Each structure stands twice: as C-alpha cells, then as structure tokens.
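Note sheet for the following structure.
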Ligand code: ATP
Ligand code: MG
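Residue numbers (the numbering used here): 1 to 417.
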C-alpha cells in the first residue's frame, strides 16, 4: 500500500503544540478585542484578481501564488495574505468607518520550505480602514508590542520607516533606479532582474554582494513630501509617548507594493538564519481604491504565528498549556459504570477519560498513568456492591472510598476546586 506524508512546506500540528496554537490565537483575540477590533473570517480562496492588486511586481504574486482554474472556469488563488481580502470585504460590504477588524488563519505561498518558512503558515493580524491619524499608527504598533509582551517575549526589535506618499515613492523609485543602473556591475543577477520590475525591492535583497550598492543608495527620508514627513514625525512622537522603543530603518521596504507612509517590522533577536522577521505591517492608503472602492486610508499588521512560536521556543516562554484530563476512570466490572461516571464528571465541568475493551485492572491502571490524570476512580465488584467508587490520588497512591452520591463534590475537593 502506498503511504503518504504531508506535502512539502506543510505540517501536522499535534498536541501539545496544537493547544499552544489555540492559546496563541486566544491571547491575540483578547488583546485586540479589548481594543475594539471585531473578528473577520475571510475565505481562504478568492478571485485571483483580488491578490493581483497586492502588487504585480512582488514575489508573493509573481512566484509564490497558489492559483488555478476551478471547475467553473474561474481563476482562483489560495490567499497568500489577508489584507487584500479584508479590503475586498470592505468594498463589498461598505461598513461604516473606522472599520477595525482582526483575523487569524492560514495563508499559502509557494516558497522554498525551511525552518520558519512554510507553504502553509498562519498569521494573526488587524486592519483599520478609514483613518489617517498618525495616532492610530502608533496605537496599532503598540498593540502588537503588547501582544508580544503577553506571550512573554522580550527580544523584539521594532524597525520603522516611512515610504512616503505615492508621488514620493515614484520619485524615490526613479532616484533608486538611476543609482542602481550606474552600479549595475555591483548587483547580483537577481537584483538586476528585480531592478527592472521594482527598484525599491532591491533594497530588500539580503544577498551579500548587493550590500555595497544598497548602502550607497539614496535615502527615502530625503524624498518625503512635507505632509508625509510630518505624518512620520507624529507617529514617532506618539510611539515615544507610549514608551514603545523603535529604530528607524530607511532600508525597510517590506514585501507588498501597496504600502504607503508608515511601515514597520518586528524582528526576534533570539532567532537566527533567514527567518527573524516575525511580523510587520504598515499603511496602504491606495489598496481599497485599487479594489474598486472609495479612496480610503488603511493600516494594519500581520504577525506570523509559526515564526513567533519559534521565537518563544528560543526564549523559553509561552509553553504549551496542559490539556490532560483530570480524572481517569478504571472500571473492571464491564465498563457501564465508567460510562456513567464519565458523563457525570464531564457534565460537572471536570475533564474525564476512561479505558475500553474491559481490560484487566493492571492494564487499565497503566493507561490511567499514561493519561497524566491527577486522580483515578476505580470501580470493582466491591465498589458496585457498596454503591461507591475508590478515589486514588495518582501522585501519592492514597485511596479512599467515596459514596456515589458524593462523587462530584469529593472529586472537586480532591482537585482543589
Ligand atoms: P519574509 O521576508 O520572511 O518572506 P514577508 O515580508 O514575506 O516575510 P509578510 O508578508 O509581511 O512577510 O508577512 C508577515 C509575517 O508573516 C512575516 O513577518 C513572517 O513572520 C510571516 N511569514 C511570511 N511568510 C511566511 C512563511 N512562508 N512561513 C512562515 N511565516 C511566514
Ligand atoms: Mg516572503
């Protein structure tokens, strides 16, 4: 028989890691719902056109998209990110602004799989549509910082930049093109190809041979119009007022073409190799209009769950929560008693499991041991005759006989509840 493993770049998330994922999403939900964000669940696939708006010169679109024709002849793509879907939803439903939403779920990119880089990976994120205020930029960034704090992460570096308004971006791109064209010999083959499509993206190259030309390149800061420069100054002031540390990195361009003005990235200093970026975001003041909606400013961030958990591993924080049952029922009288006791305990909010197949006492006790339950409830002929159950504390081996009608109360006491 053929056997199957997961496809490259995908993984099964098994317990206890799966419980950690759920806790991660719960902590995020708590942080952002306390800040007035509402949950949105966009579909995992959409018309390809939605994602083409992300930027036809970005690798996400040109190389990494999972797109295909469905049986109805539609051109479909699995979402590579969720900002475009949120903006499409905004145009489709026209909610009142400011529209503040958060999301959580998988994205799909055809990348070269490696540690911290997968073809299916999860993100949590927020988007706010309809607000220009630089105070919001700072608040959004502070929310992500608060989330990292709740996870227990300490080694987070926040890089900040402004990409200016669209006119600035174009002027800067032209200046970059001129610069890089005059240093063509110093660029890698890949960066020369990138230069053709989008000179800004050359700044994102991590190839050592490009470092010199990048270091000598013109600076975005010198190409900001007054309005963009003032906005950026206000964002910095608001971050300082909020006590959020950051470093200005004017080489930070980030993956998506639609960013304007504020852009930021979070790097985990505990991680090495090519996957240190654990989240990022920024303003995308043109995206809603590109999707056929009214001119609407937007800002948001996406945090990579998979990589952030690697950072948690590296720092030894945010351990997986225990998901073991509290009570294990050992019934050597056929199993019907175990069924009753189990449902009684579960209905009372106590985690309970049992053995099956009328195994011997010894073999059932072994399963009880392995389950990690703190208490075992033992039902034998003796107990049935006395209408009672033996309650055993697994750690100490101490046992006591408990009448059936006191069972739930006694178990709760033994669990310290
Ligand atoms: P990178 O430069 O590492 O490819 P990116 O710029 O493509 O990242 P974004 O699109 O901004 O990433 O997504 C935000 C976050 O999502 C990243 O900071 C990262 O933590 C996570 N992420 C992106 N792609 C992947 C992937 N293939 N596997 C795991 N996490 C990812
Ligand atoms: Mg990428």
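Yeah, the Cβ is synthetic: ideal placement off N, Cα and C, and Gly gets one too.
Computed from a predicted model, the values in this text were never measured in an experiment.
At least 3 beta-carbon pairs within less than 8 Å: the stretch 127 to 139 vs the stretch 287 to 304: yes
Enumerated in chain order, which unbroken segments of the beta strand (DSSP E) with a length of 3 residues or greater are wholly contained in the stretch 132 to 184? 156 to 162
Taking the CB atoms as reference points, tell me whether residue 98 and residue 120 lie closer together than 7 Å. no
Kindly list the residues whose CB is nearer than 6 Å to the CB of residue 88, restricted to its own chain and excluding five residues on each side of it in sequence; keep chain order. 50 and 291
Using C-beta distances below 8 Å, list every residue in its chain close to residue 210, excluding the 5 sequence neighbours before and after it, in chain order. 186, 187, 188, 191 and 202
Closer than 6 Å: residue 260 CB and nearest ligand 1 heavy atom: no
Give the range of the beta strand (DSSP E) segment to which residue 261 is assigned. 260 to 268
Can you tell me where the alpha helix (DSSP H) holding residue 285 begins and where it ends? Note, residue 285: premise wrong, no alpha helix (DSSP H); not H, not E.
Can you tell me whether residue 45 is buried or exposed? The criterion is at least 16 other CB atoms within 10 Å of its CB, across all chains shown. buried
Just how far apart, CA to CA, sit residue 258 and residue 43? 21 Å
Could you check if residue 121 belongs to the surroundings of ligand 1, using beta carbon to heavy atom distance under 6 Å? yes
How long is the line joining the alpha carbons of residue 21 and residue 305, rounded to whole angstroms? 8 Å
Please name the residue or residues paired with residue 222 in a DSSP beta bridge. In DSSP, residue 222 forms no bridge with anything.
Would you mind stating whether residue 349 and residue 326 have Cβ atoms separated by less than 7 Å? no
Determine the DSSP secondary structure at residue 28, reduced to helix, strand or coil. helix
Residues near residue 208 in its chain [Cβ-Cβ closer than 7 Å; skip 5 each side]: none
Residue 276 to residue 230, Cα distance in whole Å? 30 Å
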